[in-house]
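Asker: Residue numbering for the sequence shown follows the numbering used here, beginning at 44 and increasing consecutively.
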Amino acid sequence: MPAPRPLGDYLRARRELLHPADVGLQPGVGLRRVPGLRRSEVAALAAISTEYYVKLEQGQETRPTDQVLDALSRALKLDATASSYLRSLARLVGRPADAGTPPAVERTRWLIDSWPMTAAMILTRHSDIVAVNPLMGTLIDGYRVGRNALVVLLLDGGMRELYLDWEGLSMRSIALFRSRTGLDLDDPRVQELVEEMTQGSARFRELWHRHDIGGMTAGTHPMRHPAAGHLSLQYAHLPLVGTDDYSLFLYYAEPGTATESALADLASGR
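What follows is the structure, encoded as structure tokens:
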């Protein structure tokens, strides 16, 4: 794999996803030799020289001013999350050495083990699973301590059957992985996971080079569970207070619904 140029790779990926009509330009005549916008078109929209923009994409210039970053965000139609990520790429600093598992992780492990009707797991920023409570283990057998949640989602064929919106979920999950690890592409664990998923998942190969960014969210996951049948589970993905790199992922049911009854049956072993 070529050496990553975080800022330049991101600019190129977002440029290639835009069409001239998206930014009010005429497509022109003849075939376009590149997908999306030309470098010169992005430069013109951002009011910078083409030569300078080329240097940004090629990694020859890595410290653009805030004004240039703002102009590029507007030119590339970046939302607030993507603009913040662009700024972070231009201000990369080394991540401190791992200081070990924070005490908050162990305390949260005790907490989630006491939840009979909420399925929960604790994840690292790499989506490695470090804790799973009993209900999560019963609900989704693939999510186990020591595994990587994104790898399981993409490579375990049973997950396609379980999640009715697997296509959308996989897209959001890859974007979240990018948002949490894209600033550390020289991290050996990130490289290991990217290589594993590139080799094993066509979906990952399709989406990784888009450089989509996603945040932690809440919503609903419809499922077709092999034992409990159709479920409509609420989910939340939350940063774990007291840590920099860990998060808590939860599944729970709306009170009074069929899903709550089915979840109770799973929790009781019925």
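Just so it is clear, CB atoms sit at the ideal spot from N, CA and C, and this is done for glycine as well.
Note that the coordinates shown come from a computational prediction; the quantities given were computed from them, not determined experimentally.
Taking Cβ positions only, does V194 come closer than 9 Å to chain C?
Answerer: Note that chain C does not occur in the displayed structure, where there is just one protein chain.
Asker: Rounded C-beta distance between P49 and L226? I'm assuming under 8 Å.
Answerer: Right, the Cβ-Cβ distance comes to about 7 Å (below 8 Å), so this counts as a contact.
Asker: Please specify which runs of the beta strand (DSSP E), each continuous and at least 3 residues long, are wholly inside the stretch 206 to 275, giving them in chain order.
Answerer: Correct list: 261 to 268.
Asker: With three or more beta-carbon pairs closer than 8 Å as the criterion, would you say the stretch 242 to 258 touches the stretch 204 to 218?
Answerer: The answer is yes - the stretch 204 to 218 touches the stretch 242 to 258, with three or more Cβ pairs under 8 Å.
Asker: Return the CA-CA distance between R117 and R82, expressed in angstroms with no decimal places.
Answerer: Rounded to the nearest angstrom, the two C-alpha atoms are 15 Å apart.
Asker: What does the Cβ neighbour count give for E149, buried or exposed, with the cut at 16 atoms within 10 Å?
Answerer: That one is exposed.
Asker: According to DSSP, is M202 part of a helix, a strand, or is it coil?
Answerer: The answer is helix: DSSP assigns M202 an H, G or I state.
Asker: If you count every other CB in all the chains shown that lies within 10 Å of the CB of A86, and 16 or more means buried, which is it?
Answerer: Buried: at least 16 other Cβ atoms inside 10 Å.
Asker: Within 10 Å of its beta-carbon, does P78 have 16 or more other beta-carbons around it, so buried, or fewer, so exposed?
Answerer: With fewer than 16 other Cβ atoms within 10 Å, it is exposed.
Asker: Is V173 helix, strand or coil by DSSP?
Answerer: Residue state, collapsed to three classes: strand.
Asker: According to DSSP, is Y278 part of a helix, a strand, or is it coil?
Answerer: Reduced to three states, the DSSP call for Y278 is strand.
Asker: Going by DSSP in three states, I91 sits in which element: helix, strand or coil?
Answerer: Looking at I91 - three-state DSSP - the assignment turns out to be coil, as it is neither helix nor strand.
Asker: Using a Cβ distance threshold of 8 Å, determine whether the stretch 264 to 276 contacts the stretch 233 to 244, with at least three qualifying pairs required.
Answerer: Result no; under three Cβ-Cβ pairs closer than 8 Å.
Asker: Output the distance between the C-alpha atoms of I183 and L119, rounded to the nearest integer angstrom.
Answerer: Rounded to the nearest angstrom, the two C-alpha atoms are 39 Å apart.
Asker: Check whether the Cβ atoms of Y295 and A279 lie closer than 9 Å to each other.
Answerer: Yes; because the gap between Cβ atoms is below 9 Å, this pair is in contact.
Asker: Compare the C-alpha of P265 against each of E297, D208, T181, V173 and name the closest.
Answerer: Among E297, D208, T181, V173, the Cα nearest to that of P265 belongs to D208.
Asker: Quick one: what does DSSP say S126 is sitting in, helix, strand or coil?
Answerer: Three-state DSSP puts S126 in a helix.
Asker: Relative to the C-alpha of T300, which candidate in H273, R106, L281, S311 has its C-alpha closest?
Answerer: Of the candidates H273, R106, L281, S311, the one whose C-alpha sits nearest the C-alpha of T300 is H273.
Asker: By a C-beta neighbour count over all protein chains shown, 10 Å radius and 16 as the cutoff for buried, is L129 buried or exposed?
Answerer: Buried is the call here.
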